[in-house]
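S.K.:
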Amino acid sequence: MPKDASSSVLTKIYRIVQERIVAPMFDCVKSTIDFREAMDSGKIIVVNLSEGEITSDVANFLGSLILSRIYLAGMSREDTPEEKRKPFYVYVDEAYRFVSLSIRDILQSLRKYKVFMTLSSQYLGQYPKEIANSIPHLCDTIICFTVGEETARALEEFFRPSLTYTDIVQLPRYTMAVSTVVGGVRECQILRSVDLGQGPVNIEELIKFSLERYGEDVDYARYGGVPSTWGLPHPTEVGLATPLEWILLVKLYRLLEEELGRGMVSIGSVPAIEQEELIQLLKDEFGVSEAEVLKSLNLLSYHGYVAMRTRVYDCNAIAIPKEPKTLLTPVPCSDCGEPTTRPFRLRNGTYMCKICLGKAIARGEKTVYDVAEPPIDPRDVRPDNVIRIRKTATFYSLTPMARAKFFDRAPRAARGGGPEHAAGIGAIVWGFLKHYFYFEVDVGEEPVRRAQDGSEEYVVKRLPDIIFWPVARTKEGKLNPRLWDTGHAFVVEVEINPVKSKKRVQSNLEKCRKWGKPVIFATTRPEWANQLVELLHNDFQQEVVLDNTGFFGGAYNPKAVSVLFVDPETRTRCFLAPQTPLPVRGETSVETERAPRQEEGASAGSAATEQYAPEKIDHESLEQLIGALSRDGWKFHAGEQDTIYAERGNLRVKVGSLTS
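No gaps in the numbering here: position 32 of the sequence shown is 31 in numbering that gives the first Met the number 0, and each next residue is one more.
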């Protein structure tokens with residue numbers, strides 16, 4: 000089987016088996032429900048798979064699994080004499096959700112083992128066509144209440160000559176048409192349903208008694224690494240079956256972002272990348288096959304996320320044996336204008352693709368001496384070695400729809416949180432995007448709720464500000480572009496002025512805790528970051544660690560919280576803990592040192608800094624902090640009084656003392 004054939008299936012399976020309600024079922028050594036014993040002893044097993052309690056995917060999966068177990072248990076009755084087989088009845092409501100083509104074999108095979116099945120649904124059209132055509136013929140008894148014309152016509156042959164499809168369509172309420180086989184002959188009759196009412200049985204007491212007698216304790220603390228994910232937006236729901244599709248979108252977006260930074264993008268001019276070069280780029284970085292990349296590109300094109308265009312090259316050119324180095328960011332060819340990641344750099348500072356350079360040398364417009372990098376030996380390029388190039392190149396670019404859907408989602412609605420809140424979210428997303436985390440931003444579209452007197456009533460939003468879904472990793476720690484790491488998602492809440500909005504911080508903490516994911520509280524000012532640490536650690540009695548996601552030096556820990564400071568201007572970020580507060584100018588106990596922007600002509604070493612007394616920090620916390628910051632691109636050096644500083648961009652932060 001090709002490597003890419005099973006990736007989407009595995010992603011769906013992982014999402015199901017990592018669900019909190021399902022994980023204990025697959026983790027147990029032996030099943031505690033013996034369907035064969037229940038059949039032989041006359042026990043009743045009730046399974047509640049209503050979609051209000053669990054999602055449809057989980058319910059359908061569990062229902063299908065239980066039906067297969069019943070089938071195996073029924074077939075195992077082969078070892079019991081027929082006269083000793085006690086009848087066992089299976090009732091399946093909304094059966095179309097659970098049955099597959101194998102239901103035909105189940106209906107045919109189980110009746111001789113005295114396992115009888117009743118399937119219930121609203122109309123035949125809910126089943127796949129093959130099943131809908133075969134089920135009525137495999138059932139001895141058909142009970143039909145009022146249905147639509149299509150279902151009535153399909154069932155008419157089982158009620159003739161007593162009833163026509165018109166009679167079935169016009170059945171009164173609480174009236175049913177019954178067709179059953181009696182003595183090998185099918186008989187029909189119209190019957191009225193009887194309301195037996197509700198007896199004195201207390202359902203809650205029965206459930207309690209059943210749990211006490213047959214239930215098994217489950218320690219959900221063991222499944223903290225696989226918490227519930229249903230209800231959180233997942234990348235597969237928007238057509239990103241594997242991370243490879245997302246990686247492609249991120250690469251195309253980065254290309255667009257680079258051009259926007261240079262001011263080179265105008266209407267009708269969207270940067271693109273050539274298909275062969277894109278495939279080679281992903282092969283080198285992730286080890287994927289050409290078929291996998293093309294499949295993902297086709298899927299993205301189908302959803303309208305990438306645009307495709309072609310260009311035909313038909314010309315004579317000199318064969319150039321030299322291959323340039325591959326660039327991470329394409330540059331435009333000065334001749335054809337198309338982007339290329341494998342350009343030849345000319346001495347005049349421009350770039351040319353291999354085809355255009357060969358064409359220019361063949362025409363005498365360029366020579367090998369015009370090429371600066373990579374250098375070409377004139378002996379390798381023969382003037383008489385002219386080749387005919389006929390090639391159709393395919394280019395891909397990000398569509399405006401994909402850009403708006405995935406990358407320009409900022410909180411703008413009534414509950415968006417304001418400009419600084421939106422800027423913080425943008426800076427956080429940018430930082431995680433380089434690691435290919437898929438993200439969903441809550442844009443604040445939930446309506447503002449009002450009390451009876453008309454005043455605005457603050458009610459916490461259902462979703463976190465940001466949800467991050469990581470790409471799975473191999474045993475060697477490399478990204479695996481074929482699978483989403485559903486079990487290690489985490490959420491981020493961005494807080495503005497947390498001391499003033501203490502109630503909101505507490506509400507957001509309680510909301511995020513319900514999702515069972517690690518929670519990062521982020522903010523845009525150093526003093527607010529320190530306040531968040533104090534609030535969470537001292538007031539709310541939370542365990543605050545440097546990294547609770549497992550991706551920045553710590554361990555995946557849904558029970559702990561982390562605090563992140565992010566600078567929207569420089570996009571610099573830093574995790575905090577109670578032992579590692581940020582330095583802050585003003586009244587708070589710690590201060591941040593921001594290296595002043597260099598004036599024109601100033602040397603790199605002329606930036607003035609202020610010195611602060613080193614804070615005490617334990618050795619283990621200091622090691623964790625340095626490890627986390629190093630992986631995030633920070634550089635370290637020692638200052639006066641053995642103080643350790645971390646620098647990135649124009650931000651300089653004191654992290655501890657060498658004496659600690």
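Glycine is no exception: its CB is placed at the ideal position from the N, C-alpha and C atoms.
According to the neighbour-count rule (16 or more other Cβ atoms, all chains shown, within 10 Å of its Cβ), is VAL490 buried or exposed?
M.R.: Buried is the call here.
S.K.: Out of ILE141, ILE519, VAL442, SER333, which one is the CA nearest neighbour of VAL177?
M.R.: VAL177 has its Cα closest to that of ILE141, out of ILE141, ILE519, VAL442, SER333.
S.K.: Identify which residue in TYR126, VAL89, GLU129, LYS390 has its Cα closest to the Cα of THR117.
M.R.: That would be VAL89, whose Cα lies nearest to the Cα of THR117.
S.K.: Would you list, in sequence order, the uninterrupted beta strand (DSSP E) runs of no fewer than 3 residues that lie entirely inside the stretch 512–588?
M.R.: If we require 3 residues or more, the beta strand (DSSP E) runs fully inside the stretch 512–588 come out as 518–522, 560–565, 572–575.
S.K.: Give me the Cα-Cα distance between GLU215 and LEU66, rounded to the nearest whole angstrom.
M.R.: Computed Cα separation, rounded: 22 Å.
S.K.: Spell out a yes or no on whether the stretch 522–539 and the stretch 496–511 are touching, meaning 3 or more CB-CB pairs, one atom from each, closer than 8 Å.
M.R.: Yes, the stretch 522–539 is in contact with the stretch 496–511.
S.K.: List the residues that DSSP assigns as beta-bridge partners of PHE438.
M.R.: Partner(s): PHE467.
S.K.: Hey, how far is the Cα of VAL518 from the Cα of LEU195?
M.R.: If you take the alpha carbons of VAL518 and LEU195, they lie about 51 Å apart.
S.K.: Would you decide whether LYS42 is buried or exposed? Buried here means 16 or more other CB atoms lie within 10 Å of its CB.
M.R.: Exposed, because fewer than 16 other Cβ atoms sit within 10 Å of the Cβ of LYS42.
S.K.: Between ASN315, ARG503, CYS143, which lies nearest to PHE539 when the distance is taken from Cα to Cα?
M.R.: Per the Cα distances, ARG503.
S.K.: Using the three-state DSSP reduction, which class does ALA412 fall into: helix, strand or coil?
M.R.: With a pLDDT of 45 at ALA412, under the threshold of 50, the modelled position of that residue is not reliable, and the figure given next carries that caveat. Coil at ALA412, not helix or strand.
S.K.: Can you tell me which of the three DSSP states VAL292 falls into?
M.R.: Looking at VAL292 - three-state DSSP - the assignment turns out to be helix.
S.K.: How should PRO270 be labelled, buried or exposed, when 16 other C-beta atoms within 10 angstroms of its C-beta is the threshold for buried?
M.R.: With 16 or more Cβ atoms within 10 Å of its Cβ, PRO270 is classed as buried.
S.K.: What residues are listed by DSSP as bridge partners for ASP313?
M.R.: Answer is ARG389, bridged to ASP313.
S.K.: Give the DSSP bridge partners of MET307, in chain order.
M.R.: In the DSSP output, where bridge partners are listed per residue, MET307 has TYR395.
S.K.: Just checking my contact of ALA667 with PRO232 at CB under 8 Å: how many whole Å lie between their CB atoms?
M.R.: In the structure as shown, the chain starts at 0 and stops at 659, and residue 667 therefore has no counterpart that could be examined.
S.K.: Leaving out five residues on either side along the sequence, give the residues of the same chain with a beta carbon under 8 Å from the beta carbon of VAL168.
M.R.: Taken in chain order, the residues that qualify are THR145, VAL146, GLY147, GLU148, ALA151.
S.K.: Given that a residue counts as buried once 16 or more other Cβ atoms are within 10 Å of its Cβ, and exposed if not, what is PHE405?
M.R.: Buried.
S.K.: Please give me, in chain order, every unbroken run of the alpha helix (DSSP H) with length at least 4 that falls completely inside the stretch 310–368.
M.R.: If we require 4 residues or more, the alpha helix (DSSP H) runs fully inside the stretch 310–368 come out as 353–361.
S.K.: Could you tell me the distance, in whole angstroms, from the CA atom of PRO320 to the CA atom of GLY303?
M.R.: Near 38 Å, if we compare the C-alpha coordinates of GLY303 and PRO320.
S.K.: For ARG481 versus LEU243, is the C-beta distance shorter than 8 Å?
M.R.: For ARG481 and LEU243, yes; Cβs fall inside 8 Å.
S.K.: For PHE87, which option in ALA131, ASP39, ALA94 has the closest C-alpha, if you only look at C-alpha atoms?
M.R.: Nearest option by C-alpha distance: ASP39.
S.K.: Following the continuous alpha helix (DSSP H) through ARG35, name the residue where it begins and the one where it ends.
M.R.: Per DSSP, ARG35 belongs to the alpha helix (DSSP H) from 34–40.
S.K.: If I measure Cβ to Cβ from VAL471 and keep anything under 6 Å in the same chain, skipping five residues before and after, which residues do I get?
M.R.: According to the sequence provided, residue 471 is Ala. The question's Val does not apply to it. ASN479, LEU482, ASP484, listed in sequence order.
S.K.: By DSSP, does ILE20 sit in helix, in strand, or in coil?
M.R.: Coil at ILE20, not helix or strand.
S.K.: Nearest CA to the CA of ASN507: which residue from PRO463, HIS487, LYS516?
M.R.: Here the closest residue by C-alpha is PRO463.
S.K.: On the premise that VAL305 lies in contact with THR393, defined as a C-beta separation below 8 Å, what is that separation, rounded to the nearest angstrom?
M.R.: Rounded, the Cβ-Cβ distance is 11 Å, inconsistent with contact.
S.K.: I need the straight-line Cα distance from ILE32 to ARG103, nearest angstrom please.
M.R.: Looking at the two C-alpha atoms, the distance is approximately 25 Å.
S.K.: Leaving out the 5 sequence neighbours to the left and right, which residues in its chain are closer than 7 Å to VAL72 when beta-carbon positions are compared?
M.R.: For clarity, residue 72 is Ala in the given sequence; the question names Val instead. PHE34, ARG35, MET38, listed in sequence order.
S.K.: How far does the alpha helix (DSSP H) with VAL57 in it reach, from first residue to last?
M.R.: Run containing VAL57: 55–74, per the alpha helix (DSSP H) assignment.
S.K.: Under a three-way DSSP split, which group does LYS474 fall into?
M.R.: It is coil, neither helix nor strand.
S.K.: Report, in whole angstroms, the separation of the C-beta atoms of LEU251 and SER396, which I expect to be a contact under 8 Å.
M.R.: That pair is a contact at about 6 Å.
S.K.: Please confirm whether PHE574 and SER561 have their CB atoms less than 8 Å apart.
M.R.: The answer is yes: Cβ separation under 8 Å.
S.K.: Is the stretch 284–291 close to the stretch 328–348, with three or more CB pairs under 8 Å?
M.R.: At 8 Å Cβ cutoff, the stretches do not touch.
S.K.: Since GLU149 is in the alpha helix (DSSP H), which residue starts that stretch and which ends it?
M.R.: Unbroken alpha helix (DSSP H) run through GLU149: 148–154.
S.K.: What did DSSP end up calling TRP633 once you bin it into helix, strand or coil?
M.R.: TRP633 falls in the coil class under three-state DSSP.
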